[in-house]
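Notes to accompany the following structure.
Residue numbers (the numbering used here), protein chains in the order written: chain H, 1 to 345; chain B, 346 to 690.
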């Protein structure tokens, strides 16, 4: 190799590295995202007064007309702890299931899983759920970390026995906890490792990882850092975000996720929701579906969702809840009509 | 020059370009930001019922205790068009001026300027205001584009005569208009050019440029593109953002600005405000000061503002307005106390 050959080779190598690095830095928006609508489940669990079963069904049926592809409709939890979910079976039995829409439910133990299975109508998907915050786990699921791991092993056997697919891991409180404070990044990454280990022991290839900002501690910078740290160790896992908007950071956090290429989000129409065991004094609420759809569509990211119909659902949610809900686009309006009117001017 | 010399030179040049390009792409958060609080002016102009002068003064005095360095307290506009501002002089006369805080006012014509000067208490700063949307200009200022340019020339002479400094340009509706629709990027950049030209004709070096999303059309991507396009042509101008939160994008837009190195923001405590002539049917509201302060401080960007006191001001604003205001952190709470409690656990 001559001196010139060597330098040319070096230049080629430098360019290649620069391009790879550029890709990692500039990794930009996904072309489209998929949204799991959790308004019915999150909303009906947190609203103070009991909502009539027929109203819940009406709301879910309206959501089915918006082209949303996944709707979490109920949770199967202890009705003494979450009275708003006591009618979960009746709700599921009553909804008109739209072909092509996956209707899902949430459970935290085997009894809940049995109830979900017994409906015979839901799309059942298992997930491996771990909690970096034991304090929250005790309050939310009444389990220690060790008990949660034991539970996961037991329930994964049940999933296998019943042919329920498991492709997803889930980390609650991935960005901070009202009871434990900041969650060190290393602990979050280690928890991801535990999720994958548990999966591997059951022969499961976990492809998706849901990071939940259960108590709204995240900022966009923390979203960036957390996803960055996880990707560095586990580059192939597809990340989804479950964001709460309690401190007004929801949409900004979603944007930070989009910038990192995240293409799966949970969201709640009208900004419904909140966790009953999160220990929030004030307003709760998840990131608002129609605000997220608005942002994405305006930025050229496809959501597949009919924004006008979604806004109608948000207004219906407000009517059912009987008080103002935090969503913004439902009040500020979509830009489509304004654009059309401006063109006619 | 030998072949090797040439290649070494080429490599040096490539590295330098790559570094410059990296700087432009990676240009990251500022270390600190400065905030102009506009809650009193924006809030009192949009609230339906008339607010007692004494309550306005109480609110401004409370804001003076938060370490905010700039507070826009009133506008001097036609009381027939904006009845909530009819008592502007009394408000200014009544406030306890905190040393080191600049109290500013807004005016749209010479009469307003005279009223502001007559108070003898305000920090007077001129600016060159242009509007890419003539439709809004007609509604807000009752002028055509040509008339606005003529007015700017006249008022700049007044500023000079009265020794009022002019360092700032201002572009309203820089991201879209309810009456004219999308504003082409080229039009925004051209309007910046006109601002600088007008300044140059009066011997003024315009150092700052305020971009206003008057009608909440912006998304984070548009913030990035607009600032990028302006910086490409005018790299040295310092940009400030005036963001409305009507469609829930305020904090995400501020984040996109921070990522581009923007270090000046207007904001309104509790998310007060909105333009009476913007043609919004639903909720208005500016980006919320305490939510912005929360995001910045959590991301390590200094604001110099006492967040706990600011939250108290937000609650006071809600009490004065007599209805819930859109701010989130005032309801969700700061993390400081939760962190302290978690450490004691």
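Beta carbons: idealized from backbone N, C-alpha and C, even for Gly.
On a predicted model such as this, the values are computed, not experimentally measured, just so you know.
- How would you call residue 389 (chain B), buried or exposed, if buried means at least 16 neighbouring beta carbons within 10 angstroms? buried
- Beta-carbon of residue 600 (chain B) versus every beta-carbon of chain H: anything under 8 Å? Contact of residue 600 (chain B) with chain H is assigned, a C-beta pair being separated by under 8 Å.
- Query: Span of the beta strand (DSSP E) holding residue 169 (chain H)?
  - Reply: DSSP places residue 169 (chain H) inside the beta strand (DSSP E), whose first and last residues are 166-171.
- Item | residue 281 (chain H) burial status per 10 Å Cβ neighbour count (16 or more: buried) | With a pLDDT of only 48 at residue 281 (chain H), under 50, the local geometry of the prediction cannot be trusted, and the value read off the model is given with reservation. Burial call: exposed.
- Message: Restricting to Cα atoms, I'd like to know which of B:377, B:355 and B:350 is closest to residue 645 (chain B).
- Response: B:377
- Query: Candidates H:193, H:150, H:231 and H:323: which alpha carbon is nearest residue 261 (chain H)'s?
  - Reply: H:231
- Query: Using a Cβ-Cβ cut-off of 6 Å (strictly less than) and excluding sequence neighbours within five positions of residue 462 (chain B), which residues of its own chain qualify?
  - Reply: none
- residue 41 (chain H) versus H:4, H:161, H:89 and H:306, residue with shortest Cα-Cα distance: H:89
- Closer than 7 Å by C-beta to residue 532 (chain B): which residues in its own chain qualify, once you throw out the five before and the five after it? Chain order, please. 477
- Contact set for residue 715 (chain B): own chain, Cβ-Cβ below 7 Å, skip 5 residues either direction: Nothing in the structure corresponds to residue 715 (chain B), since chain B is present only between 346 and 690.
- Message: Can you look up residue 108 (chain H) in the DSSP assignment and give me helix, strand or coil?
- Response: coil
- Look at residue 326 (chain H) and residue 600 (chain B) and say whether their C-beta atoms are less than 8 Å apart. Cβ atoms of residue 326 (chain H) and residue 600 (chain B): not closer than 8 Å.
- Message: Assuming the contact rule is C-beta atoms closer than 8 Å, residue 530 (chain B) and residue 574 (chain B) should be a hit. Round their C-beta distance to whole Å, please.
- Response: 5 Å
- Task: Have a look at residue 519 (chain B) and residue 545 (chain B) and give me their C-alpha separation to the nearest angstrom.
- Result: Their backbone Cα atoms lie some 22 Å apart in a straight line.
- Below 8 Å on the Cβ atoms is my guess for residue 635 (chain B) versus residue 585 (chain B); work out the distance and round it to an integer in Å. The Cβ separation is near 19 Å, so there is no contact.
- Item | Residue-level contact to chain B via CB, residue 291 (chain H), 8 Å cutoff | yes
- Query: When burial is assigned at 16 or more other CB atoms within 10 Å of the CB, is residue 542 (chain B) buried or exposed?
  - Reply: exposed
- Taking residue 343 (chain H) as the query, report the chain B residues whose CB atoms sit under 9 Å from its CB, ordered along the chain. 526
- Message: Less than 8 Å between the C-beta atoms of residue 268 (chain H) and residue 296 (chain H), yes or no?
- Response: no
- Task: Could you please give the first and the last residue of the uninterrupted alpha helix (DSSP H) stretch that includes residue 583 (chain B)?
- Result: It is not in any alpha helix (DSSP H) - residue 583 (chain B) instead sits in the beta strand (DSSP E) that spans 583-588.
- Query: Quick one: what's residue 380 (chain B) bridged to in DSSP?
  - Reply: The partner list for residue 380 (chain B) (beta bridge, DSSP) reads B:610.
- Message: Using a Cβ distance threshold of 8 Å, determine whether the region 420-429 of chain B contacts the region 451-465 of chain B, with at least three qualifying pairs required.
- Response: Verdict: yes, contact present.
- Message: With a threshold of 8 Å between beta carbons, is residue 184 (chain H) in contact with chain B?
- Response: Output row for residue 184 (chain H): interface = no.
- Task: Assuming residue 589 (chain B) and residue 630 (chain B) form a contact by the criterion Cβ under 8 Å, report the distance between their Cβ atoms to the nearest whole angstrom.
- Result: 7 Å
- Item | Whether residue 72 (chain H) touches residue 104 (chain H) by CB criterion (8 Å) | yes
- Task: Mind checking which residues open and close the alpha helix (DSSP H) that includes residue 553 (chain B)?
- Result: Counting along the chain, residue 553 (chain B) falls outside any alpha helix (DSSP H), though it belongs to the beta strand (DSSP E) covering 553-558.
- Query: If we count the other Cβ atoms within 10 Å of its Cβ and call it buried at 16 or more, is residue 341 (chain H) buried or exposed?
  - Reply: exposed
- Hey, would you say residue 172 (chain H) sits closer than 8 Å to residue 214 (chain H), going by beta carbons? yes
- Query: Are residue 441 (chain B) and residue 409 (chain B) closer than 8 Å when you measure CB to CB?
  - Reply: yes
- Item | Whole-number beta carbon distance between residue 413 (chain B) and residue 382 (chain B), since they are thought to touch under 8 Å | At roughly 5 Å, the Cβ-Cβ gap stays under 8 Å, so residue 382 (chain B) and residue 413 (chain B) are in contact.
- Query: Hey, residue 511 (chain B) and residue 471 (chain B): beta-carbon distance below 8 Å or not?
  - Reply: yes
- Task: Residues of the region 235-265 of chain H with a CB closer than 8 Å to any CB of chain B: list them in chain order, please.
- Result: When CB distances to chain B are screened at a threshold of 8 Å, the residues of the region 235-265 of chain H falling below it are 245, 246, 247, 248, 249, 251, 252, 254, 255 and 256, in chain order.
- Nearest-angstrom Cα separation, counted from residue 602 (chain B) out to residue 8 (chain H): 40 Å
- Applying the criterion that 16 or more other CB atoms from any shown protein chain within 10 Å of the CB defines a buried residue, is residue 318 (chain H) buried or exposed? buried
- Task: State the DSSP-derived secondary structure class of residue 618 (chain B), mapped to helix, strand or coil.
- Result: coil
- For the alpha helix (DSSP H) that residue 393 (chain B) lies in, which residues bound it at each end? For residue 393 (chain B), no alpha helix (DSSP H) segment is defined, and its DSSP state is neither H nor E.
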